[in-house]
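Below: one structure, written as structure tokens.
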Ligand SMILES: CC(C)(COP(=O)(O)OP(=O)(O)OC[C@H]1O[C@@H](n2cnc3c(N)ncnc32)[C@H](O)[C@@H]1OP(=O)(O)O)[C@@H](O)C(=O)NCCC(=O)NCCS
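Residue numbers (the numbering used here): 17 to 166.
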């Protein structure tokens with residue numbers, strides 16, 4: 017299993033995975049293939065490949081002193097097998113490598129992933145509203161990772 021940086025040859029693969037992030041009746045940024053291509057060109061999209069199959073995707077954006085997870089998805093055929101955790105662990109390693117203070121993310125309530133992020137060591141830091149949709153904000157502090165591995 018490995019995680020690779022997506023390049024333009026992976027557009028269809030990334031697009032297929034991104035489609036699993038679509039919410040009913042909501043036109044989001046990632047709902048447009050040209051935007052997915054744009055994100056790939058910024059070099060911040062990563063794909064998890066296992067036994068020759070692309071099974072998951074994570075997008076990491078570097079914002080000031082923090083790393084942000086902009087997209088995270090595991091193909092529905094391969095969920096609940098630990099791959100989501102592998103992708104989040106990758107983000108944590110990137111956080112350490114880039115000397116970021118922590119990882120932040122926003123997640124729309126419709127995704128129902130509160131337990132997943134809490135299980136990954138994130139804490140809820142706030143709640144907001146975007147385009148009439150409610151979201152939760154989560155944060156993971158670097159110290160938590162360092163304390164776990166030492
Ligand atoms: C959220 C998501 C990435 C998790 O991926 P996954 O590969 O199924 O997660 P894992 O198998 O690594 O799960 C890790 C732990 O979280 C738990 N977990 C996973 N998804 C969960 C969920 N939706 N609700 C509650 N717990 C969950 C697992 O049971 C596991 O706990 P355990 O180790 O105690 O058994 C995947 O469900 C997904 O792609 N969902 C659709 C897109 C999405 O919601 N993305 C996040 C929006 S920002």
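Idealized CB from N, CA, C, for every residue including glycine.
Minimum C-alpha distance to residue i - residue among the options
| i | options | result |
| --- | --- | --- |
| residue 158 | 126, 148, 109 | 109 |
| residue 31 | 77, 68, 88, 98 | 88 |
| residue 140 | 147, 148, 122 | 122 |
| residue 135 | 102, 66, 69 | 102 |
| residue 148 | 93, 92, 125, 53 | 125 |
| residue 80 | 120, 53, 145 | 120 |
| residue 61 | 163, 107, 127 | 107 |
| residue 160 | 152, 47, 54, 111 | 111 |
| residue 24 | 51, 44, 43 | 51 |
| residue 26 | 152, 53, 46 | 53 |
Nearest-angstrom Cα separation, counted from residue j out to residue i
| i | j | result |
| --- | --- | --- |
| residue 99 | residue 90 | 7 Å |
| residue 178 | residue 20 | Here the chain covers residues 17 to 166 and nothing more, so residue 178 does not appear. |
| residue 66 | residue 104 | 16 Å |
| residue 85 | residue 38 | 16 Å |
| residue 144 | residue 150 | 6 Å |
| residue 69 | residue 36 | 16 Å |
| residue 56 | residue 48 | 13 Å |
| residue 40 | residue 92 | 16 Å |
Beta-carbon proximity of residue i to residue j, cut-off 7 Å
| i | j | result |
| --- | --- | --- |
| residue 118 | residue 82 | yes |
| residue 154 | residue 133 | yes |
| residue 64 | residue 22 | no |
Supposed close pair residue i, residue j - CB separation, criterion 8 Å
| i | j | result |
| --- | --- | --- |
| residue 73 | residue 33 | 4 Å |
| residue 130 | residue 164 | With a Cβ gap of about 21 Å, residue 130 and residue 164 do not count as contacting. |
Chain-order list of residues whose beta-carbon lies under 6 Å from that of residue i (same chain, five-residue window excluded)
| i | result |
| --- | --- |
| residue 94 | 71 |
Own chain partners of residue i with C-beta closer than 7 Å, once the 5 adjacent residues on each side are dropped
| i | result |
| --- | --- |
| residue 59 | 21 |
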